[in-house]
Amino acid sequence: MAVKILEKMSSLSTHSNRFVREAAFGIIEIVINTNHVAEHPTTLPSIAKGLTDNWSQVRYRATHAMKAYLTHHKDPSTYPIVLPRLCLNRYYIAEGVRLETQRLWVAVCGTSGVQLVSENLEHFVKYYGEQIKEKNHAVREAACHCVAELVTKVPGVGKYVGVLLNMIDEACDDPSWPVRDIACVSASKILLKYPEECAGMVEGIYKRFLYQAEDPIPSVRQHAGEALANFAKVDKSAPSSTTPSTGRPSSPPSPPSSGTSASGQSPSGSPPSSPRCSHASNATTNLHPSQRPTASRRSRSCTARRSGTPNSTTGSGG
Numbered sequence: 001m002a003v004k005i006l007e008k009m010s011s012l013s014t015h016s017n018r019f020v021r022e023a024a025f026g027i028i029e030i031v032i033n034t035n036h037v038a039e040h041p042t043t044l045p046s047i048a049k050g051l052t053d054n055w056s057q058v059r060y061r062a063t064h065a066m067k068a069y070l071t072h073h074k075d076p077s078t079y080p081i082v083l084p085r086l087c088l089n090r091y092y093i094a095e096g097v098r099l100e101t102q103r104l105w106v107a108v109c110g111t112s113g114v115q116l117v118s119e120n121l122e123h124f125v126k127y128y129g130e131q132i133k134e135k136n137h138a139v140r141e142a143a144c145h146c147v148a149e150l151v152t153k154v155p156g157v158g159k160y161v162g163v164l165l166n167m168i169d170e171a172c173d174d175p176s177w178p179v180r181d182i183a184c185v186s187a188s189k190i191l192l193k194y195p196e197e198c199a200g201m202v203e204g205i206y207k208r209f210l211y212q213a214e215d216p217i218p219s220v221r222q223h224a225g226e227a228l229a230n231f232a233k234v235d236k237s238a239p240s241s242t243t244p245s246t247g248r249p250s251s252p253p254s255p256p257s258s259g260t261s262a263s264g265q266s267p268s269g270s271p272p273s274s275p276r277c278s279h280a281s282n283a284t285t286n287l288h289p290s291q292r293p294t295a296s297r298r299s300r301s302c303t304a305r306r307s308g309t310p311n312s313t314t315g316s317g318g
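Using the working numbering, read the sequence shown as starting at 1 and increasing by one per residue.
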């Protein structure tokens, strides 16, 4: 009977209604935990598909079903299917899915996570390439996080650098800015970790970072600047500052005005005169001699302002 229930729930796990899919994975979890049966051939593929569902609630329930499955049927031959999906969900935007998957990852892999990923590296790269093209922006963002982690933590990724850079290059044009942001970070990490493998793609990487530096989102611009700094560390022959849109050298900053040092102060150390004072002086200089205030008028005006009495030369006051 348990096997028949698993078969029926596996078929319902692909139902068009997300609530039906969520309930199906809940029943699969209960049946496995109660009867310790997980041998039906459709059970694992159904749960694995549930781990990629666009609805967070379905993905969360499928994670619990996968936990029950691995508890009673832990088989290393299933790791090429199971581990890439668990690894990506560790970065999923929904907190419940993310935390539950992190706990499940530790329970399954222990301290051998890097080794298991390295042994199944081809499956991880293929799965990340599929997920980085998904319609769900949260999935694409998580895939970019996984690429960055793969490059920095797992040995032997060098032979996949070209494939990974092509993935990230597409993500750099993503309409969702968090995806563009982490894609820029991932590309920078690939360049830092594998500069020799990236040698033939240096010019394209450089132009990509310059393009990202013009992004309207501050965070993306900031990470593009950090990526350019990393680029300069790796490639000592990086071109001089250019304008991304035209490719021409950017114009140098205008020199300071005469009588003023580059720090904004005059050679004597006193600050330069303010623009307001300069305009006022020019306005007085351009007056006809008969209109310029004499010294006596200026003194009377200043005295009137200090005493609070109206000045006869300027009007009767308020």
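Ideal Cβ placement from N, Cα and C applies to all residues, glycine included.
### Task
Identify the continuous alpha helix (DSSP H) that holds Leu51 and give its terminal residues.
Taking the sequence shown and counting its residues from 1, one reaches residue 51 at position 51. Per DSSP, Leu51 lies in no alpha helix (DSSP H) and is assigned neither H nor E.
### Message
Distance check for Leu70 and Leu12, CA to CA, integer angstroms please.
### Response
Your numbering for residue 12 matches position 12 in the sequence shown. Your numbering for residue 70 matches position 70 in the sequence shown. Whole-angstrom Cα-Cα distance: 21 angstroms.
### Query
Between which two residues does the alpha helix (DSSP H) harbouring Arg221 extend?
For the purposes of this step, residue 221 is taken as the residue at position 221 of the sequence shown. Start and end: Pro218 to Val234.
### Message
Can you tell me whether Met1 is buried or exposed? The criterion is at least 16 other CB atoms within 10 Å of its CB, across all chains shown.
### Response
Along the sequence shown, one-based indexing puts residue 1 at 1. Result: exposed.
### Message
Contact defined as beta carbons within less than 8 angstroms: I believe Val163 pairs with Val125. What is the distance between those atoms, to the nearest angstrom?
### Response
For this step, residue 163 is matched to residue 163 along the sequence shown. For this step, residue 125 is matched to residue 125 along the sequence shown. With a Cβ gap of about 6 angstroms, Val163 and Val125 count as contacting.
### Message
Tell me the DSSP secondary structure of Ser186 in three-state form.
### Response
By 1-based counting over the sequence shown, the position of residue 186 is 186. Three-state DSSP puts Ser186 in a helix.
### Message
Quick check: the region 13 to 21 against the region 91 to 107, are at least 3 beta-carbon pairs closer than 8 angstroms?
### Response
Judged by pairs of C-beta atoms under 8 angstroms, the region 91 to 107 does not touch the region 13 to 21, as fewer than three such pairs exist.
### Query
For Ser188, which of Trp177, Ile32 and Glu149 has the nearest alpha-carbon?
Residue 188 sits at position 188 when you count from the first residue of the sequence shown. Minimum Cα distance to Ser188 is reached at Glu149.
#### Entry: Selected residue, minimal CA-CA separation from Glu141, among Ile168, Arg59 and Gly200
The sequence position of residue 141 within the sequence shown is 141, counting from 1. By alpha-carbon distance to Glu141, the top candidate from Ile168, Arg59 and Gly200 is Ile168.
### Message
Please identify the residue among Gly113, Leu44, Phe231 and Lys135 whose C-alpha is closest to the C-alpha of Ile81.
### Response
As a working note, residue 81 is residue 81 in the sequence shown. The shortest C-alpha separation from Ile81 is found at Leu44.
### Query
From Ile5 to Glu214, what does the alpha carbon distance come to, in whole angstroms?
On the sequence shown, residue 5 is found 5 positions in, with the first residue counted as 1. On the sequence shown, residue 214 is found 214 positions in, with the first residue counted as 1. Computed Cα separation, rounded: 56 angstroms.
### Query
Val234 and Ile190: beta carbons closer than 8 angstroms?
As a first step, residue 234 must be located in the sequence shown, where it is residue number 234. As a first step, residue 190 must be located in the sequence shown, where it is residue number 190. For Val234 and Ile190, no; Cβs fall outside 8 angstroms.
#### Entry: Same chain, Cβ closer than 8 angstroms to His36, five either side skipped, listed in chain order
As a position in the sequence shown, residue 36 is number 36, starting the count at 1. Cβ neighbours of His36 beyond the five flanking positions: His72.
#### Entry: Close beta carbons around Glu100, own chain, < 6 angstroms, minus the five adjacent residues each side
Taking the first residue of the sequence shown as 1, we reach residue 100 at position 100. Cβ-Cβ distances below 6 angstroms link Glu100 to Thr63 in the same chain, with the five nearest sequence neighbours on each side left out; the list follows chain order.
### Message
Between the alpha carbons of Ile32 and Ala68, how many angstroms are there, rounded?
### Response
Here residue 32 corresponds to residue number 32 of the sequence shown, with the count starting at 1. Here residue 68 corresponds to residue number 68 of the sequence shown, with the count starting at 1. Cα to Cα, the separation comes out at about 6 angstroms.
### Message
Along the chain, where does the alpha helix (DSSP H) containing Ala148 start, and where does it finish?
### Response
On the sequence shown, residue 148 is found 148 positions in, with the first residue counted as 1. Element bounds for Ala148: His137 to Lys153.
### Task
Mind listing, in chain order, the continuous alpha helix (DSSP H) runs of no fewer than 4 residues lying wholly within the region 52 to 98?
Annotation note: the region 52 to 98 contains the following uninterrupted alpha helix (DSSP H) runs of length 4 or greater, listed N- to C-terminal: 56 to 72 and 79 to 89.
### Buried versus exposed, by CB contacts within 10 Å (16 or more), Ser263
In the sequence shown, residue 263 corresponds to position 263, counting from 1. Its pLDDT being 41, under 50, Ser263 is placed unreliably by the model, and the measurement read from it follows with that caveat. With fewer than 16 other CB atoms across the displayed protein chains lying within 10 angstroms of its CB, Ser263 is exposed.
### Query
Helix, strand or coil: which one does DSSP assign to Gly16?
Here the question's residue 16 lines up with position 16 in the sequence shown. Correcting the residue identity first, residue 16 is Ser in this sequence and not Gly. The answer is coil: DSSP assigns Ser16 none of H, G, I, E or B.
### Message
Using a Cβ-Cβ cutoff of less than 6 angstroms, which residues in the same chain neighbour Asn166 once the five nearest sequence positions on both sides are dropped?
### Response
As a working mapping, residue 166 is identified with position 166 in the sequence shown. Counting only Cβ-Cβ distances below 6 angstroms, and skipping sequence neighbours, we find nothing.
### Task
Compute the distance between the beta-carbons of Ser186 and Val154, then report whether it is under 8 angstroms.
The residue you call residue 186 lines up with position 186 of the sequence shown. The residue you call residue 154 lines up with position 154 of the sequence shown. At least 8 angstroms separates the beta-carbon of Ser186 from that of Val154.
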